Amino acid sequence: MPLIALCAGDGIGPEVTEEAVKILKLIDGKRNFGFEFVDAPVGGSAYDRFGVPLPPESLEIAKKADAIFLGAVGGPKWEKLEFSLRPERALLALRSELGLFANLRPAALFGPLVDASTLKREVVEGIDILVVRELTGGIYFGQPRGVEDYEGGKRGVNTLVYTTPEIERIARVAFEAARKRKGKVCSVDKANVLESTELWREVVTGVHKDYGDVELSHMYVDNAAMQLIRNPRQFDVIVTTNMFGDILSDAAAMLTGSIGMLPSASLSGTKGMYEPVHGSAPDIAGQGIANPIAAILSAAMMLTYSFNAPDAAMDIEKSVAAVLDKGYRCADIYTDGTTKLSTSEMGGMVAKELE
Ligand code: NAD
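Heads up: the sequence shown begins at 29 in my numbering, then just goes up one per residue.
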């Protein structure tokens, strides 16, 4: 039986996780995946109970699981804790312990929300981008790093380093994803200035030989930042390094409006962790007003990438689109003339549409 670890976490994490699970159970009822759900406490609430943000038992469950669903972690209550005990450490530890090297962040605009974007309708209408970000290498992890004494002052050092296997595996994730979409990959680098990304371009080009059916282009990161704002519809899959992906995925996401709508997946070769892009939103936690759509769409990504059921994922996405089309909104995307729903009402409405 496929095992799904539920790391609901803190703040609105448990609230939105509940709605995602509601949808997964409904899909399971129709398609008989036989999902088994096991709670794996993480974050500040795990610290309160067990004294650490990622208890060994939770890590064990995550390692055994076929897929992990994470709500969100963090909050002001735990901000003064020593760095190693902070809730966010659970996330970083899960990523590294599970070898989740590929972060997938779609930025698709639902038609009815076109006016929630800060860009003009004619620029953003119909965008559907997937940013594939390398997650465990590059300048965020390279050695040497640190701040040291230097010629009477100080010197800060970070190192941008990539190896051929690291680039190959992320390129494959991007090409495979493109095959399930519009078949286009744009690899983003700074090969005109940085040798490590000159290697990036060379390796991505080499891997492309195995994917003749996918179209590959290359773009410098400064141009990519500009093109995302100027003409985002030109992109299908963007594959890039850890730091460039960190920045470009936020820019791409914001083309679509609210953070409460954005799902993500982090993949290793064999396992996936799925989570909404947003945090624990302490300002609205406990009020039942968080938008669960990011969590529900993360569950849809789980069906595509961990359970090879893109058709089931599409059913969920279509249900979300239909609910929005009928004018239902949570507070974060509410506008005059639409109907405001609570977290559980929105989850229930998507479920009803699915049925
Ligand atoms: P946040 O994403 O939690 O909230 C930013 C703003 O967006 C807030 O005004 C919040 O109310 C709103 N928002 C977020 N999700 C929403 C939703 N689903 N529906 C409606 N509104 C929503 O970011 P933050 O305030 O910078 O961080 C809060 C805490 O979350 C911090 O402790 C931070 O470290 C943590 N965090 C965790 C993750 C994660 O678990 N992956 C990611 C980012 C931040």
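Ideal placement from N, C-alpha and C gives every residue a C-beta, glycine not left out. Quick caveat: nothing in here was measured; it's all calculated off a predicted structure.
Subject >> Contact set for residue 55: own chain, Cβ-Cβ below 6 Å, skip 5 residues either direction >> reply: 340
**OP:** Compare the beta carbon distance of residue 343 and residue 382 with 8 Å and say whether it is the shorter of the two.
**Re:** yes
**OP:** Round the Cβ separation of residue 124 and residue 187 to the nearest angstrom and send it over; I've been treating them as touching at under 8 Å.
**Re:** Residue 124 to residue 187, Cβ: 18 Å. No contact.
Subject >> Minimum length 3: unbroken beta strand (DSSP E) runs contained in the region 274-299 >> reply: Counting only runs of 3 or more, we get 291-295.
**OP:** Please report the residue range of the beta strand (DSSP E) in which residue 34 lies.
**Re:** 31-37
Original post:
Do three or more CB pairs link the region 360-380 to the region 327-337 at distances below 8 Å?
Top reply: Counting Cβ pairs under 8 Å, fewer than three are found: no touch.
Subject >> Nearest-angstrom Cα separation, counted from residue 102 out to residue 313 >> reply: 11 Å
Subject >> Any non-hydrogen atom of the ligand NAD closer than 7 Å to residue 319 Cβ >> reply: yes
**OP:** Flag residue 348 as yes when its Cβ comes closer than 7 Å to any non-hydrogen atom of the ligand NAD, and as no otherwise.
**Re:** No, the beta carbon of residue 348 sits no closer than 7 Å to any heavy atom of the ligand NAD.
Subject >> Rounded separation between residue 309 and residue 361 - CA only >> reply: 15 Å
**OP:** Identify every residue that forms a DSSP beta bridge with residue 227.
**Re:** Per DSSP, none; premise fails for residue 227.
Original post:
Thinking C-beta only, is residue 246 closer than 8 Å to residue 277?
Top reply: Result no, Cβ atoms of residue 277 and residue 246 do not sit closer than 8 Å.
Original post:
Looking at residue 288 and the ligand NAD, is the gap between the Cβ and the nearest heavy atom below 7 Å?
Top reply: yes
**OP:** Output the residue ranges of the alpha helix (DSSP H) runs that lie fully inside the region 104-179 and measure 4 residues or longer, sorted by chain position.
**Re:** 116-125, 149-152
**OP:** Locate the beta strand (DSSP E) running through residue 267, then write down its first and last residues.
**Re:** 265-268
Subject >> Simplified DSSP assignment, three categories, for residue 100 >> reply: strand
**OP:** Using beta-carbon positions only, say whether residue 244 and residue 260 come within less than 8 Å of one another.
**Re:** no
Original post:
Under three-state DSSP, which class holds residue 92?
Top reply: helix
Original post:
residue 326 by DSSP, collapsed to three states: which one?
Top reply: Helix.
Original post:
Would residue 162 pass as a contact of residue 198 if the rule is Cβ separation under 8 Å?
Top reply: yes
Subject >> Residue range of the unbroken beta strand (DSSP E) whose run includes residue 243 >> reply: 243-248
**OP:** Alpha carbon to alpha carbon, how far is residue 275 from residue 28? Give it in angstroms, no decimals.
**Re:** Past the edges of the chain, shown from 29 to 383, lies residue 28, and the structure says nothing about it.
**OP:** Give me the Cα-Cα distance between residue 48 and residue 58, rounded to the nearest whole angstrom.
**Re:** 16 Å
Original post:
Going by the beta-carbon positions, is the gap between residue 352 and residue 138 smaller than 8 Å?
Top reply: yes
Original post:
In the DSSP assignment, what residue or residues form a beta bridge with residue 215?
Top reply: According to DSSP, residue 215 bridges with 246, 267.
**OP:** Taking only heavy atoms of the ligand NAD into account, decide whether any of them is closer than 7 Å to the Cβ of residue 35.
**Re:** Placement of the Cβ of residue 35 at a distance of 7 Å or more from every heavy atom of the ligand NAD is found.
Subject >> Whether residue 115 touches residue 178 by CB criterion (8 Å) >> reply: no
**OP:** Return the bridge partner residues of residue 182 from the DSSP annotation.
**Re:** 177
Original post:
Three or more beta-carbon pairs under 8 Å between the region 225-243 and the region 292-306, yes or no?
Top reply: no
Original post:
For residue 366, does the three-state DSSP call read helix, strand or coil?
Top reply: coil
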